[in-house]
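Encoded as structure tokens, the structure appears first; notes follow it.
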Amino acid sequence: MDCPTTASLWIDFLDGKLPADQVQKLEEHLRTCASCRLSHQELQQTLQGLASLPDEEPGPELRMEFTAMLEKEKALLASQSPVETKVVQIGPWKKIGSVAAVLLLVSIAYWLGKYNTKQSLNAEFIIPIETSNPAELKTLELLKNELASTRLVALHRSQDLAKPSTVLLDALIEKLNFDEHLNVRMAAAEALAHFPQEPRARIALIRALEEAEDPSLQIELIHLLVYLNEKKAIPVMKNLLVNKTLPDYVIEQVKIGLPKII
Ligand SMILES: [Zn+2]
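Start counting the sequence shown at 832; every next residue gets the next number (the working numbering).
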């Protein structure tokens, strides 16, 4: 059994519905694959954590947030090619409470990369699994690894993908903006610059330059945006020129780069 197949069987496995021979193959794979083992542990921990939550109805805030997320994903999915879908009944998880069930679904959906739904929270959930690109699935999985070195490998691997999905782009953007390691954030910026045909990637780099506080990241972003000849970055760079809090050597990079794209 390979990693993408393993990923596609998680839900049935956690649900106790996977046939015995498949369970055996999945467990065999877990023994030999560290990365799937880690994913499995994460899901188990999520389950255990959720089981301890009080059994109550989701509040309006959570409901709204969740519905908004689903709507966003539905819109994204509508614009993409057909994907294989998997229907998951919320029923078997009722025993851990409605809030917990919702959070568990969000967690699994996050892990799988994308999800969709037909109706409301209590209706049946459809989780599409993109099976067409195992390399991307693997990259998404590695990006979530707790070791920064593994996340760096994932960012490097992402550059081999010809056409990244929205899910992968979002994962790269998330690393750029929020990863705890500066090296990973810088590598995410570089990975995004490998997809110059994607407006989403370019916009993320511009926004990151607006927000970045670390001089190394600022310089990396300036270099990348100049390299991409990104005209939309001009106003942001002009603002940096008059920013009194920036170190001189960052301003110097703007002074060198800006004339090249104006
Ligand atoms: Zn694996």
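Cβ atoms here follow ideal geometry from the backbone N, Cα and C, with glycine treated the same way.
Check, Outcome
"Cα-Cα separation, V918 to S839", "For V918, the predicted structure reports a pLDDT of 37, less than 50, and the residue's modelled location is therefore unreliable. A value from the coordinates is still provided. Distance between the alpha carbons of V918 and S839: 12 Å."
"Proximal residues to H871 (C-beta, below 7 Å), its chain only, five neighbours per side dropped", "L861"
"I1004 and A1035 closer than 8 Å at C-beta", "yes"
"S839 CB to nearest heavy atom of ligand 1 below 7 Å", "no"
"Residue range of the unbroken alpha helix (DSSP H) whose run includes V1081", "D1079 to I1092"
"Alpha carbon of D1079 to alpha carbon of Q876, nearest angstrom", "47 Å"
"Cβ-heavy atom distance, S866 to ligand 1, below 7 Å", "yes"
"Closer than 7 Å: H871 CB and nearest ligand 1 heavy atom", "no"
"N964 (DSSP reduced to helix, strand or coil)", "coil"
"Ligand 1 heavy atom lying under 7 Å from the CB of H860", "yes"
"Inter-residue spacing [alpha-carbon to alpha-carbon] between S912 and A1018", "Caution is warranted here: a pLDDT of 43 is assigned to S912, below 50, making its placement in the model unreliable, and the coordinate value is therefore given only provisionally. Using only the alpha carbons, I get a separation of about 29 Å."
"Rounded distance between the beta-carbons of I1087 and M1068, thought under 8 Å", "With a Cβ gap of about 11 Å, M1068 and I1087 do not count as contacting."
"Span separating the alpha-carbon of L1059 from that of L1048", "16 Å"
"Contact set for L973: own chain, Cβ-Cβ below 8 Å, skip 5 residues either direction", "S866, T981, R982, V984, A985 and R988"
"Best match in L849, D1010, I1093 and S996 for proximity to K975 [C-alpha to C-alpha]", "D1010"
"Cβ pair P995, E1029 closer than 8 Å", "yes"
"Neighbour-count burial assignment, T863, 16 or more Cβ in a 10 Å radius", "exposed"
"The alpha helix (DSSP H) enclosing Q1049, as first and last residue numbers", "P1046 to Y1058"
"Own chain residues within Cβ distance below 8 Å of L857, not counting five before or after", "M832, T837, L840, F844 and L849"
"Closest residue to L968 among N1074, L1000 and A979 (Cα-Cα distance)", "L1000"
"C864 (DSSP reduced to helix, strand or coil)", "coil"
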